[in-house]
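Note sheet for the following structure.
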Amino acid sequence: MKRLFVLMFLTLLSGCATVNVNGEARVRLFTVSEILKNCTSLSGKEVVVEGTYRGWSCPADCRNPGITRSDVCITDSTGCIYLSGTGGLDPLTDRGKRVRILALVSRKGSVCYLKPEKVDELR
Amino acid sequence: MKTSSLPVHITFSVDSLMLGDYTITKNNEVINPFKVTGDSEAGDVLARFIHGMVGDTDGSFKIVNLSDIKVEDSNLPAGESLADAVKNGESVNVEITSGSRNYYVEYNPEDNSVKLCVVDGGCQKVTYRQWLVLIYMAADNSLNSFASEDLKEMASVKFNPQVKVIALTDFETGTDQVSESSDTTGDLISQPLSYEVDSGNYQTLKNFVEKYYNLYPAKNVALILWDHGDGWRSRTAAIDDSDSSFLLMFQLRKALTDLQSEGINFSLIGFDECLMGMEEVLYDVKDFANYFVASENEEPGTGWDYRRVFSYLVSSPDSTPEQFGKAVVDAYREAYSSINTDSTLTLALFSKSDVERIANDLNRFYSDLNSNTFPDFQSARSSSQVLCSENDLSCPDLYYVDLYSFASQLSDRYPEAADIVSVINSLYKTVIPGSNGKDLHGISVYFPADTTEANQSGYSCYTAETPVTCTFSSKNNQVRVDGYYNPFAAGTYWDNFLAEYLSME
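First to last, the protein sequences are chains A and B. Residue numbers are given in my numbering: position 121 of the first sequence equals residue 121, and the series is strictly consecutive. Residue numbers are given in my numbering: position 3 of the second sequence equals residue 126, and the series is strictly consecutive.
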């Protein structure tokens with residue numbers, strides 16, 4: 001219920017692109033650069049982001065928080081961000097897939113990353 | 124010696140044999156064979172030769188006393204020193220008498236060996252170095268920055284000639300490099316390579332080990348594999364993005380088998396990687412070392428604490444492989460016990476006999492399994508701690524079962540289960556509980572609960588006992604590997620147990 005409230009709150013905040021999550025609510029879709037730019041204010045909050053699952057093949061300038069050695073990254077047209085862990089996908093065989101991720105924005109030191117709560121493949 | 128008398132040129136000799144010469148330029152300067160020869164490789168040969176001259180073949184002499192020996196003869200021309208001969212790549216043979224013993228020491232530049240030979244008897248290779256630690260850092264992927272951090276940790280240690288560390292680093296960005304502890308300065312010196320290292324190719328690993336094993340012989344040799352890891356199917360004992368290659372366990376085994384056929388074995392093999400603390404992985408490498416260090420769960424990005432690990436080894440170069448392995452585990456505990464992690468961290472030291480005992484116990488489970496006992500195993504499996512199950516977002520669907528959590532539920536009825544519990548209880552390990560972590564005990568085994576889980580996690584490849592074309596599948600994607608086989612399935616009956624179990628499910 002708490003999650004639903006946050007998602008609905010985010011929807012009210014923005015008139016930008018929205019997506020359905022679990023068919024429960026329409027929430028704003030964040031870009032990677034929006035998350036990175038607003039990491040402090042978004043920390044601890046849920047976001048939805050769509051991008052390409054890059055597994056362990058990440059751009060060199062993508063900052064890795066190193067929560068685990070298995071952390072993966074996603075990219076969209078605005079940037080790159082890491083997830084803690086693999087998001088439940090296979091870092092090798094699932095590389096290149098389009099994914100939608102519901103995640104908690106988190107920080108480790110100065111590195112912003114996502115703690116995934118739900119990862120869906122987009123067809 | 125007073126400063127005003129410097130510089131002083133010194134020639135070192137034993138009877139008629141000239142070892143080399145050196146010019147002292149500052150007070151209190153310590154002179155060693157590396158300084159006399161002016162380079163690490165020739166210095167290493169000279170150091171070995173000197174140890175051989177006093178009859179020390181394994182570096183166990185704390186003091187090398189050259190006054191107790193007599194050089195009877197040598198093949199060196201008048202005026203040529205031993206250091207010059209080594210640097211010129213010449214064969215050297217020196218006859219020695221020590222008390223009533225007669226022997227000779229020879230250097231063969233063909234294989235870089237120094238041997239102590241008894242007249243009319245056999246020869247023994249000579250080394251003085253206690254440890255050679257080879258680190259294969261496959262960082263041509265998302266771990267690039269952590270390779271740099273780990274190299275900095277290593278570089279913070281002042282090494283001595285007793286401990287040689289060589290790290291081959293395949294970076295994603297920047298130039299690939301070899302880092303080597305200097306016997307002269309004690310610093311870790313990195314040299315860029317002129318080519319892109321393909322760390323996912325088993326030949327690269329083999330060439331790396333061959334070169335430095337022969338160049339810097341040591342009493343103990345450790346091989347540390349540094350990268351991502353995902354257990355038995357590990358396509359990721361080394362993954363290289365630039366070359367789109369990855370080293371699978373059977374390829375790692377091939378590299379180690381080839382090296383063993385050349386007489387190269389290890390005292391310890393370590394995996395500074397996620398999820399490699401599983402029976403399958405340890406079984407695949409058990410014939411190539413006596414001790415193994417690996418993590419059952421994921422490791423933090425920063426991995427092992429190399430500053431602590433090598434500070435220990437430099438201060439205790441006489442450490443046995445077991446002691447060194449314990450020090451790696453201790454360093455991990457010290458590095459991470461005070462941080463807050465979500466997932467449980469583990470690192471454990473395994474002996475070859477631990478691995479073999481567990482494999483034998485798992486084999487017995489296959490004999491135990493029938494329609495009457497199936498409920499026992501099914502119940503134990505369903506109550507076990509499972510790493511990387513379907514709903515786990517930290518890793519793909521792997522279905523690795525904490526072996527202790529499984530065996531402990533059977534230990535009152537099955538002696539082999541009790542034995543597994545006993546082995547795991549006796550492991551030297553660290554377990555750092557995570558805030559959201561599982562109750563882990565240091566070692567896992569692949570165990571899908573049903574055919575759905577089996578199909579999600581590469582079961583068909585797991586059962587490949589001989590080379591086949593294998594297709595690793597995730598939910599919607601596939602990667603084909605030619606010549607794949609699972610050495611653990613070929614060597615044990617656990618795959619048969621799984622087949623039987625899944626057919627009963």
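Heads up, the beta-carbon is just placed ideally off N, CA and C, and yes, glycines get one too.
- The Cβ atoms of VAL228/B and VAL237/B lie closer than 8 Å to each other.
- Contact between the stretch 526–533 of chain B and the stretch 92–108 of chain A is absent: fewer than three C-beta pairs spanning the two stretches fall below 8 Å.
- Here the stretch 557–566 of chain B lies against the stretch 455–472 of chain B, with 3 or more beta-carbon pairs under 8 Å apart.
- Sixteen is the threshold: since fewer than 16 other Cβ atoms of the shown chains lie within 10 Å of the Cβ of GLU152/B, the residue is exposed.
- The beta-carbon separation of VAL187/B and PRO440/B, rounded to 15 Å, does not stay under the 8 Å limit for a contact.
- Between ILE147/B and LEU129/B, the C-beta gap is smaller than 8 Å, which places the two residues in contact.
- Under the Cβ criterion of 8 Å, LEU266/B is counted among the residues facing chain A.
- Secondary structure of ASN231/B (DSSP, three-state): strand.
- Within the stretch 80–92 of chain A, the residues whose Cβ lies closer than 9 Å to any Cβ of chain B are, in chain order, TYR82, LEU83, SER84, GLY85, THR86, GLY87, GLY88, LEU89, ASP90, PRO91 and LEU92.
- For ARG107/A, the closest Cβ of chain B is not nearer than 8 Å.
- Looking at the DSSP output, PRO116/A shares a beta bridge with ALA103/A.
- The C-beta of PRO519/B comes closer than 8 Å to at least one C-beta of chain A.
- Looking from the CA of PRO556/B, the closest CA among GLN508/B, ASN463/B and MET141/B belongs to ASN463/B.
- Within chain A, GLY66, ILE67, THR68 and ARG69 have C-beta atoms less than 8 Å from the C-beta of PRO423/B, given in sequence order.
- If you ignore the 5 residues before and after CYS62/A, its C-beta comes within less than 6 Å of the C-beta of CYS73 and CYS80, all in its own chain and listed in chain order.
- Cβ-Cβ distances below 7 Å link ASN343/B to GLN253, TRP254, SER390 and PRO444 in the same chain, with the five nearest sequence neighbours on each side left out; the list follows chain order.
- Rounded to whole angstroms, the gap between the alpha carbons of LYS37/A and ASN64/A is 16 Å.
- Between VAL99/A and chain B, the shortest Cβ-Cβ separation is not below 8 Å.
- In the three-state reduction of the DSSP assignment, ARG431/B falls in the helix class.
- Residues of the same chain with a CB within less than 6 Å of the CB of VAL49/A, apart from the 5 flanking positions on each side, are PHE30 and ILE101 in chain order.
- Taking a contact as a CB-CB distance under 8 Å, the pair GLN579/B and ASP520/B counts as one, their CB atoms being some 4 Å apart.
- Between TYR325/B and GLN374/B, the CB-CB gap stays under 8 Å.
- Across the stretch 516–545 of chain B, CB contacts with chain A closer than 7 Å involve LEU516, SER517, CYS518 and PRO519, in sequence order along the chain.
- At a C-beta separation below 8 Å, SER57/A has these neighbours in chain B: ASN264, SER265 and ASP364.
- The count of Cβ pairs closer than 8 Å, one atom from the stretch 399–416 of chain B and one from the stretch 603–613 of chain B, reaches three, so the stretches are in contact.
- VAL602/B reaches chain A at LEU92 and THR93, counting residues in chain order whose Cβ is nearer than 8 Å.
- For THR296/B, the residues of chain A that pass the 7 Å Cβ criterion are ALA60, in the order they occur in the chain.
- When rounded, the separation of the alpha-carbon atoms in GLY109/A and PHE411/B is 41 Å.
- In terms of beta-carbon proximity, GLU396/B lines the interface with chain A, with at least one pair separated by less than 8 Å.
- VAL119/A reaches chain B at LEU516, counting residues in chain order whose Cβ is nearer than 8 Å.
- Across the stretch 321–332 of chain B, no CB contact with chain A closer than 9 Å is found for any residue.
- CYS39/A is outside the set of residues whose beta carbon lies under 8 Å from a beta carbon in chain B.
- Contact with chain A is absent for GLY400/B, since none of that chain's Cβ atoms lies less than 8 Å from the residue's Cβ.
- Residue contact check for CYS73/A against chain B: a CB pair falls below 8 Å.
- Counted as a single uninterrupted DSSP element, the beta strand (DSSP E) harbouring SER368/B occupies residues 368–370.
- Residue contact with chain A for HIS351/B: present (Cβ-Cβ distance below 8 Å to some residue of chain A).
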